[in-house]
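Asker: Residue numbers (the UniProt record's numbering), protein chains in the order written: chain A, 1 to 405; chain B, 1 to 405.
Below are the structure tokens for one structure; questions will follow.
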């Protein structure tokens, strides 16, 4: 018997309770012991619900109970989660969390604390919801040097971009509908401005390359500038527009970035649509592998949390997770990184093309039937810096989207 | 320091040596100790190659050396691999294998032996080459009841089918080219008749559902009856033709099958092309997850083998792998399982359609420009048995392919 406590009875917390109820028998068999929820910490009482008898309001009841071996933190946000998780580890309890803000900010420190005390700090659910990605990175790709991680890591923005592509709608209209359906939050900034993807790629990058990547250092651009016209060009180019979070190791330097990209049909993430997430990894011997599935949602996320609880229960007294060192990794300067750019320009080809070529070098012109007041070009591979310098020479650039090979 | 021995210096064996040389530093760091190859068993001497000094011809040198803690079996085939692996486990050595025939036939017994002796028997490379699938099934999906596994598990047949689809070529011509390129063996039966996929789905099914599935019990159909005309219809129907290996749990009964299927664009395996493998899993709480990557090849397969070596090295003295019980699982009778069938019939719609409808019920007619001596239909969902009975009533059925939703 292993007794656990859950901090927070929101969407994920109630999902964890549901998963442990639904699949309890097989979960206990796999853990090799029975897992029992002793406490659920929440501000509310949930009168009449079956969880009512487990509810406590004082976190110290959990922290001071030596029977509790595993604490599940599913509150979200850095504080008070960080204080509670530290206290749990100090008091000899392993911790499972789905909290990407916490892991991105303090993961290295919490992993080191857990290791020192022969406990575990696991966070499979913090990236990719139910998709197994943290554990494969930690345990399955150990023969490889990772050279690239590129993912669609945010379901809300992927839903919005998929809907815009399919139905030709404007961003604001689709966002409103996503909010009504519960796919986007009332304050959608964390998703649509790319912050959520940024924290997730910071976690994956830190883990893959073994040292702390501060998410504040990652160039991050959201999807708020993408319009229905961009999709008209994308369709003409047989491309999808996706919010990609990526990190690449080039000559021992890691370059990381979150931004919308145009990707062609041959790209492995091209057909990852709706609220799905996809994560593509390249290793120097394994080549390409890809994982995809539901990147969020109550039950998939809870499934990942419970998987970590099972691993903690199987490994009481043994630390199993790789470390990433607390040493900060300086990221490479992306202004030197090269790619093709898709650029929309006001005016006509005959008036403007010479000017565009003078600024960006050779380009391919893209025209869409029915659009006459602007045109688009695709550059050769140029650096971010070359794009910035070129863009200052042109009046009337409407938008630019990077193109991923 | 952990000393290991490799049985067999063929494609995979030499790949394992190469991966340990290339990524030795990071592999040793992840294993927490240095991994050193002490012996390589092979019939040949490899004079002048760096492996020469490691070569032994007598397996007992390895079996009787107490320094050897991990034996890597990459010879293939059931014997003498089975005898060697049993002896290694009896002599207190953990075993890593890429040998699907061995695992499908004797996996349950070897897992039980390893567990009893607190050793490990690991076989990530036996299914899906480099794609992490055994470890995720064993360690990442522990919160779920698996309800379905469907995979493209054989790279050779996927290459052939992709090439036929793209270039409109006949099976024999593509097979010959694949043999010339080294993508298909001189005796291609194990691949093209579906036997390889059958062993792999037997392993995944045994592991997912926890008891021995005998591969001889799995209905297996290869791709040798697929012709260029089938692809003309598939194109008209916006479908791909893929060799799928699948097992599904329905009302506590497992149904397993290997056969070519038509799948539509919305199917998660639709865009898994060329020599790639893809494995799609459905769990009752996680929903759908998919894994894809290189399903074969020297280095991807070796990467998976070395990952298992690292896990063995980290867990000397501790058994980590789930068991599947040696109790045989009786599979459900597929003759009652229902699906739509694509059926090609000699003659014309006006002559034959009434007869076809009398045999199979309501059907949709599919016509392809330029094909006049035959036509095709798609049935409603009917059972395998109903198809068999109906097909006896029609003279001139050219081919039939199942359709996966």
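For each residue, glycine too, the CB sits at the ideal point set by N, CA and C.
Strictly below 7 Å CB to CB, what residues from chain B border residue 135 of chain A?
Answerer: Locating residue 135 of chain A in the first chain gives position 135, counting from the first residue. 139 and 140, listed in chain order.
Asker: Whole angstroms is fine: what's the gap from residue 134 of chain B's alpha carbon to residue 251 of chain B's?
Answerer: Indexing the second chain from 1 puts residue 134 of chain B at position 134. Indexing the second chain from 1 puts residue 251 of chain B at position 251. Near 25 Å, if we compare the C-alpha coordinates of residue 251 of chain B and residue 134 of chain B.
Asker: Would you be able to state if there are at least three C-beta pairs under 8 Å between the stretch 282-299 of chain A and the stretch 31-48 of chain B?
Answerer: no
Asker: What is the rounded straight-line gap between the Cα of residue 372 of chain A and the Cα of residue 348 of chain A?
Answerer: The residue you call residue 372 of chain A lines up with position 372 of the first chain. The residue you call residue 348 of chain A lines up with position 348 of the first chain. Looking at the two C-alpha atoms, the distance is approximately 7 Å.
Asker: Straight-line CA distance for residue 315 of chain B to residue 162 of chain A?
Answerer: Here residue 315 of chain B refers to the residue found at position 315 when the second chain is read from its first residue. Here residue 162 of chain A refers to the residue found at position 162 when the first chain is read from its first residue. Cα to Cα, the separation comes out at about 45 Å.
Asker: Could you please tell me which residues of the stretch 293-307 of chain B, in chain order, have their CB closer than 7 Å to any CB of chain A?
Answerer: 293, 294, 299, 300, 302, 303, 306 and 307
Asker: Using the Cα positions of residue 192 of chain A and residue 273 of chain A, report the straight-line distance between them to the nearest angstrom.
Answerer: Residue numbering aside, residue 192 of chain A sits at position 192 when the first chain is read from its first letter. Residue numbering aside, residue 273 of chain A sits at position 273 when the first chain is read from its first letter. For residue 192 of chain A and residue 273 of chain A, the distance between alpha carbons rounds to 16 Å.
Asker: Can the beta-carbon of residue 235 of chain A be found less than 8 Å from the beta-carbon of residue 260 of chain A?
Answerer: As a first step, residue 235 of chain A is located in the first chain; it is residue number 235 there, counting from the start. As a first step, residue 260 of chain A is located in the first chain; it is residue number 260 there, counting from the start. Cβ atoms of residue 235 of chain A and residue 260 of chain A: not closer than 8 Å.
Asker: Going by other Cβ atoms of all chains shown within 10 Å of its Cβ, with 16 needed for buried, is residue 19 of chain B buried or exposed?
Answerer: As a first step, residue 19 of chain B must be located in the second chain, where it is residue number 19. Classification for residue 19 of chain B: buried.
Asker: Under 8 Å, Cβ to Cβ, is there at least one residue of chain A near residue 1 of chain B?
Answerer: To locate residue 1 of chain B, count along the second chain from 1; it is residue 1. By this cut-off, residue 1 of chain B is not an interface position.
Asker: Are any of the Cβ atoms in chain B nearer than 8 Å to that of residue 26 of chain A?
Answerer: Here residue 26 of chain A corresponds to residue number 26 of the first chain, with the count starting at 1. Taking Cβ atoms only, chain B reaches closer than 8 Å to residue 26 of chain A, which makes this a yes.
Asker: Can you name the residues of chain A whose CB is closer than 9 Å to the CB of residue 287 of chain B?
Answerer: For the purposes of this step, residue 287 of chain B is identified with residue 287 of the second chain, where counting begins at 1. Here the neighbours are 130, 293, 294, 297, 299, 300 and 303.
Asker: If we cut at 8 Å on Cβ distances, does residue 274 of chain B have a partner in chain A?
Answerer: Looking up residue 274 of chain B in the second chain gives position 274. Cβ-Cβ to chain A under 8 Å: no for residue 274 of chain B.
Asker: Comparing alpha-carbon positions, which option in A:216, A:366 and A:81 lies nearest residue 329 of chain A?
Answerer: Position 329 of the first chain, counted from the first residue, corresponds to residue 329 of chain A. Per the Cα distances, A:216.
Asker: Answer with yes or no whether the minimum CB distance from residue 30 of chain A to chain B is below 8 Å.
Answerer: Indexing the first chain from 1 puts residue 30 of chain A at position 30. True, the Cβ-Cβ gap to chain B drops below 8 Å.
Asker: Just the Cα atoms here: how many angstroms apart are residue 187 of chain B and residue 27 of chain B?
Answerer: By 1-based counting over the second chain, the position of residue 187 of chain B is 187. By 1-based counting over the second chain, the position of residue 27 of chain B is 27. Their Cα atoms are separated by approximately 36 Å.
Asker: Note down the Cα distance separating residue 237 of chain B from residue 396 of chain B, rounded to an integer number of angstroms.
Answerer: Here residue 237 of chain B is taken as the residue at index 237 of the second chain, counted from 1. Here residue 396 of chain B is taken as the residue at index 396 of the second chain, counted from 1. Approximately 22 Å, taken between the alpha carbons.
Asker: Rank A:105, A:96 and A:212 by C-alpha distance to the C-alpha of residue 77 of chain A and give the top, closest one.
Answerer: Residue 77 of chain A sits at position 77 when you count from the first residue of the first chain. Closest option to residue 77 of chain A, Cα to Cα, is A:105.
Asker: What residue from A:263, A:271, A:262 and A:266 has the CA that sits closest to residue 266 of chain B's CA?
Answerer: Here the question's residue 266 of chain B lines up with position 266 in the second chain. Considering only alpha carbons, the answer is A:271.
Asker: Report all residues from its chain with a CB closer than 6 Å to the CB of residue 207 of chain A; omit the five preceding and five following residues, and keep chain order.
Answerer: Counting from one through the first chain, the residue named residue 207 of chain A turns up at place 207. For residue 207 of chain A, where only same-chain residues beyond five positions count, the Cβ hits under 6 Å are 137 and 324.
Asker: Using 8 Å as the threshold, is the C-beta distance between residue 385 of chain B and residue 335 of chain B below it?
Answerer: Residue numbering aside, residue 385 of chain B sits at position 385 when the second chain is read from its first letter. Residue numbering aside, residue 335 of chain B sits at position 335 when the second chain is read from its first letter. Residue 335 of chain B sits close to residue 385 of chain B, with the two beta carbons spaced by under 8 Å.
Asker: So residue 51 of chain B and residue 74 of chain B are in contact, right, with Cβ under 8 Å, and what is the actual spacing, rounded?
Answerer: The count along the second chain starts at 1 and reaches residue 51 of chain B at position 51. The count along the second chain starts at 1 and reaches residue 74 of chain B at position 74. Wrong, their Cβ atoms sit about 13 Å apart, outside the cutoff.
Asker: Comparing C-alpha positions only, which one of B:229, B:294 and B:363 sits nearest to residue 370 of chain B?
Answerer: Against the second chain, residue 370 of chain B aligns to sequence position 370. Ranking the options by Cα distance to residue 370 of chain B, first place goes to B:229.
Asker: Please list the residues of the stretch 222-255 of chain A that have a C-beta atom closer than 7 Å to any C-beta atom in chain B, keeping them in chain order.
Answerer: Within the stretch 222-255 of chain A, no residue has a Cβ that lies closer than 7 Å to any Cβ of chain B.
Asker: Between the stretch 122-129 of chain B and the stretch 87-106 of chain B, can you find at least three pairs of beta-carbon atoms closer than 8 Å?
Answerer: yes
Asker: Considering only C-alpha positions, which residue in the set A:264, A:1 and A:223 is nearest to residue 30 of chain A?
Answerer: Start at 1 with the first residue of the first chain, and residue 30 of chain A comes out as number 30. Distances from the CA of residue 30 of chain A to each of A:264, A:1 and A:223 were compared; the closest alpha carbon is that of A:1.
Asker: Mapping DSSP to helix, strand and coil, what is residue 99 of chain A?
Answerer: As a working mapping, residue 99 of chain A is identified with position 99 in the first chain. Here residue 99 of chain A sits in coil by DSSP.
Asker: Compute the Euclidean distance between the alpha carbons of residue 400 of chain A and residue 377 of chain A, then round it to the nearest angstrom.
Answerer: Against the first chain, residue 400 of chain A aligns to sequence position 400. Against the first chain, residue 377 of chain A aligns to sequence position 377. Each residue's Cα considered, the two are about 10 Å apart.
Asker: Any chance you could list the beta strand (DSSP E) runs of at least 3 consecutive residues sitting entirely within the stretch 206-260 of chain A, in chain order?
Answerer: 239-250
Asker: Below 9 Å between beta carbons is the criterion; list the residues of the stretch 141-153 of chain B that meet it against any residue of chain A, in chain order.
Answerer: Residues of the stretch 141-153 of chain B whose Cβ lies closer than 9 Å to any Cβ of chain A, in chain order: 141, 142, 143, 144 and 145.
Asker: Helix, strand or coil: how does DSSP classify residue 166 of chain B here?
Answerer: Numbered from 1 along the second chain, position 166 holds the residue referred to as residue 166 of chain B. Three-state DSSP puts residue 166 of chain B in a helix.
Asker: With residue 403 of chain B and residue 341 of chain B assumed to form a contact (beta carbons below 8 Å), what rounded beta-carbon distance in angstroms separates them?
Answerer: As a working note, residue 403 of chain B is residue 403 in the second chain. As a working note, residue 341 of chain B is residue 341 in the second chain. Yes, they are in contact, since the Cβ atoms of residue 403 of chain B and residue 341 of chain B sit about 7 Å apart, within 8 Å.
Asker: Please go through the stretch 175-209 of chain A and give each complete alpha helix (DSSP H) segment of 4 or more residues, from N-terminal end onward.
Answerer: Counting whole runs of 4 or more residues, the stretch 175-209 of chain A contains the alpha helix (DSSP H) stretches 189-192 and 195-209.
Asker: Do you know how far the Cα of residue 71 of chain A is from the Cα of residue 85 of chain A?
Answerer: Against the first chain, residue 85 of chain A aligns to sequence position 85. Against the first chain, residue 71 of chain A aligns to sequence position 71. Approximately 8 Å between the Cα atoms of the pair.
Asker: To the nearest angstrom, how far is it from the Cα of residue 202 of chain A to the Cα of residue 375 of chain B?
Answerer: On the first chain, position 202 is the one that residue 202 of chain A refers to. On the second chain, position 375 is the one that residue 375 of chain B refers to. One C-alpha to the other measures close to 56 Å.
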